[in-house]
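Undergrad: Here's a structure for you.
Numbering (UniProt numbering), first residue to last: 1 to 192.
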């Protein structure tokens, strides 16, 4: 994916010192990636009519790659741009870590020696829904598998913008609306 090479690697570590700054940059990159993939997807479908993958699946795979990159788990190492990006991300998470206080900072004690993997994992978990919304911003389509669930009902398909939405009684922030319909970001990269 050209996503992070295109946007994230140009971020200024001095300005990316909060989780909000990093989230903005990752979402901008994800939005660009989603728009780029949709253009390629449409052109590919015209020439390859037997192609049965939905745009939501294509976006889910790229979303998983973003998660791997942010969390420092990307397997495509050895590329100079990727190595540069990884060093930048370590700086960003160091800046975020240095701005933490008290119990929050203590929670990640020793994580600095491990490239902030715990902080990065927690950051991704806290922000993956927002990144999913950014990458699917202009997408229209359904997801390939029934992964949405409305309490006590059987799983259903993501029907609009590749997102799960509960139409009645859902409470924002309670994992009941706009859930991310994929867990590809938790599947090891070599198995996707």
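Backbone N, C-alpha and C fix where the C-beta goes; we use that ideal spot for every residue, glycine too.
Please report the residue range of the alpha helix (DSSP H) in which residue 127 lies.
TA: Residue 127 -> alpha helix (DSSP H) spans 117-135.
Undergrad: Residue 117 and residue 71: beta carbons closer than 8 Å?
TA: Against a cut-off of 8 Å, the Cβ pair of residue 71 and residue 117 comes out as a contact.
Undergrad: Can you tell me whether residue 27 is helix, strand or coil according to DSSP?
TA: Helix, per DSSP.
Undergrad: Is residue 123 near residue 19, with beta carbons less than 8 Å apart?
TA: Taking 8 Å as the Cβ cut-off, residue 123 and residue 19 qualify as a contacting pair.
Undergrad: Do the CB positions of residue 31 and residue 135 come within less than 8 Å of each other?
TA: Yes, Cβ-Cβ distance for residue 31 and residue 135 is below 8 Å.
Undergrad: Look at the Cβ atom of residue 182, then the Cβ atom of residue 23, and state whether they are nearer than 8 Å.
TA: It is not a contact, given that the beta carbons lie outside the stated cut-off.
Undergrad: What are the boundary residues of the alpha helix (DSSP H) that includes residue 67?
TA: Here the alpha helix (DSSP H) through residue 67 covers 55-71.
Undergrad: By the DSSP assignment, the alpha helix (DSSP H) with residue 85 in it spans what residues?
TA: Segment 80-99, the alpha helix (DSSP H) holding residue 85.
Undergrad: Which of the three DSSP states, helix, strand or coil, is assigned to residue 263?
TA: Residue 263 is absent from the model: the chain starts at 1 and stops at 192.
Undergrad: What do you get for residue 168, buried or exposed, if any count of 16 or more other CB atoms within 10 angstroms of its CB means buried?
TA: Low per-residue confidence applies at residue 168: pLDDT is 36, beneath 50, and the placement is therefore not dependable enough to give any value.
Undergrad: Looking at residue 189: is its Cβ nearer than 8 Å to the Cβ of residue 75?
TA: Yes, these two residues count as a Cβ contact at 8 Å.
Undergrad: Do the stretch 59-69 and the stretch 29-45 meet, that is, are 3 or more Cβ pairs less than 8 Å apart?
TA: Yes, the stretch 59-69 touches the stretch 29-45.
Undergrad: Do you know how far the Cα of residue 97 is from the Cα of residue 106?
TA: Computed Cα separation, rounded: 10 Å.
Undergrad: Do residue 120 and residue 185 have their beta-carbon atoms positioned less than 8 Å apart in this structure?
TA: Cβ atoms of residue 185 and residue 120: not closer than 8 Å.
Undergrad: Take the Cβ of residue 29 as the centre, count every other Cβ of all protein chains shown within 10 Å, and call the residue buried at 16 or more, exposed below.
TA: It counts as buried.
Undergrad: Quick check: what's the CA-CA separation for residue 25 versus residue 49?
TA: The straight-line gap from Cα to Cα measures roughly 35 Å.
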